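Sequential numbering of the sequence shown, starting at -16, is according to my numbering. C-beta atoms are modelled at their ideal positions from N, C-alpha and C, and glycine is treated no differently. Keep in mind the model is a prediction, meaning the values are calculated, not measured.
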Amino acid sequence: MTAHLKLQGVWKRFGGATILQDVSFEVAAGRVLGVIGPNGSGKTTMINVLNGVHRPTKGTITLGDDRIDGGSAHKLIRAGISRTFQNPRVFQSLTLLDNLLMVTEGMGRSGASTQRAHELLDFVGLGELATAVASEVSGGQKKLAEFARALMTSPRLVLMDEPFAGIHPNIKEDLMARIRETCDRDGITYVVVSHEVSELVDLSDEFLCLAEGKVLATGDPREVSADPTVIEAYLGTALGAA
Ligand SMILES: Nc1ncnc2c1ncn2[C@@H]1O[C@H](COP(=O)(O)OP(=O)(O)O)[C@@H](O)[C@H]1O
Ligand SMILES: [Mg+2]
-16 MTAHLKLQGV
-6 WKRFGGATIL
4 QDVSFEVAAG
14 RVLGVIGPNG
24 SGKTTMINVL
34 NGVHRPTKGT
44 ITLGDDRIDG
54 GSAHKLIRAG
64 ISRTFQNPRV
74 FQSLTLLDNL
84 LMVTEGMGRS
94 GASTQRAHEL
104 LDFVGLGELA
114 TAVASEVSGG
124 QKKLAEFARA
134 LMTSPRLVLM
144 DEPFAGIHPN
154 IKEDLMARIR
164 ETCDRDGITY
174 VVVSHEVSEL
184 VDLSDEFLCL
194 AEGKVLATGD
204 PREVSADPTV
214 IEAYLGTALG
224 AA
């Protein structure tokens, strides 16, 4: 099942602070939206709004035919949304296999879910580490395991917050290839936040730049990343320094 993501006039305020202002965009099913923007521009907040950690103050969000704004994180997993975190959130004392099985626990730990977990670990190249304890694998391997876990629930939309930060270039390439494969094969839609702009240009079908909580530019990844207003917004941060 594939689904189109659409945000219309999304606002997020925390107390007196306005963090997202009138954010609107769409991502077609099976496409990758790359999200860039300076530190503090609201990228993580947007991911948190998309997966139900935060309820938008105003605005609507739809995934396929479903309204998803205001749903709890748990409900949104059932609606087909999963995510990875800026700092991978794996259970350090559990094996990689058990980290994957955690997310289907509520649905029963069946032979089918164990088989699926093994298949997904194989898919991301961690098959031989299935029984390794998470604390013993590298940071990049944790990110791969977290990605495999995100796929356990057969999502329609996967949100990834800084998936390439601090990982070995080989793992980065693997991860990008696997993301692309699941889009093209399964029609999964992705929203990927990253400061690694050149990698993100290669991966994405479309780009969105956030600045001070507003959409500064959207469109073709190469055009957006070369847009003078985008470069200006980044001056002194990642893109400006690159
Ligand atoms: N729960 C919260 N309460 C108040 N302010 C928040 C909260 N979460 C994020 N912010 C603020 O929102 C702004 C955007 O943060 P964030 O979304 O993490 O930016 P980014 O991921 O683009 O670096 C920051 O100024 C941050 O301090
Ligand atoms: Mg962030």
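Item to check | C-beta contact flag for I64 and I44 at 8 Å | outcome: With a cutoff of 8 Å on beta-carbon distance, I64 and I44 are scored as not near each other.
Checklist entry - Where do the N-terminal and C-terminal ends of the beta strand (DSSP E) with A0 fall, by residue? => result Element bounds for A0: A0 to V10.
Checklist entry - Do the stretch -7 to 6 and the stretch 168 to 175 meet, that is, are 3 or more Cβ pairs less than 8 Å apart? => result Between the stretch -7 to 6 and the stretch 168 to 175 there are fewer than three C-beta pairs closer than 8 Å, too few to call the two in contact.
Next on the checklist: My output table needs one value for T43: the three-state DSSP class, helix, strand or coil.
Outcome noted: Note: T43 maps to strand in three-state DSSP.
Item to check | Those runs of the beta strand (DSSP E) which lie wholly inside the stretch 158 to 191 and span at least 3 residues | outcome: Runs found: 172 to 176.
Item to check | Segment contact, 8 Å Cβ cut-off, at least three pairs: the stretch 112 to 131 with the stretch 30 to 50 | outcome: By the criterion of at least three beta-carbon pairs nearer than 8 Å, the stretch 112 to 131 is not in contact with the stretch 30 to 50.
Item to check | Uninterrupted alpha helix (DSSP H) stretches inside the stretch 57 to 106 (no shorter than 4 residues) | outcome: The stretch 57 to 106 contains these whole alpha helix (DSSP H) runs: 79 to 85 and 94 to 106.
Next on the checklist: Can you list, in chain order, the residues of its chain with a C-beta nearer than 7 Å to that of A100? Leave out the 5 residues immediately preceding and following it.
Outcome noted: Answer for A100: L80, L83, L84 and M135, listed in chain order.
Item to check | Residues bridged to V(-7) (per DSSP) | outcome: Answer is V6, bridged to V(-7).
Checklist entry - With distances taken between CB atoms, is the gap from G17 to L183 smaller than 8 Å? => result Cβ distance < 8 Å, so G17 and L183 count as in contact.
Item to check | Q124 - DSSP class collapsed to helix/strand/coil | outcome: Reduced to three states, the DSSP call for Q124 is helix.
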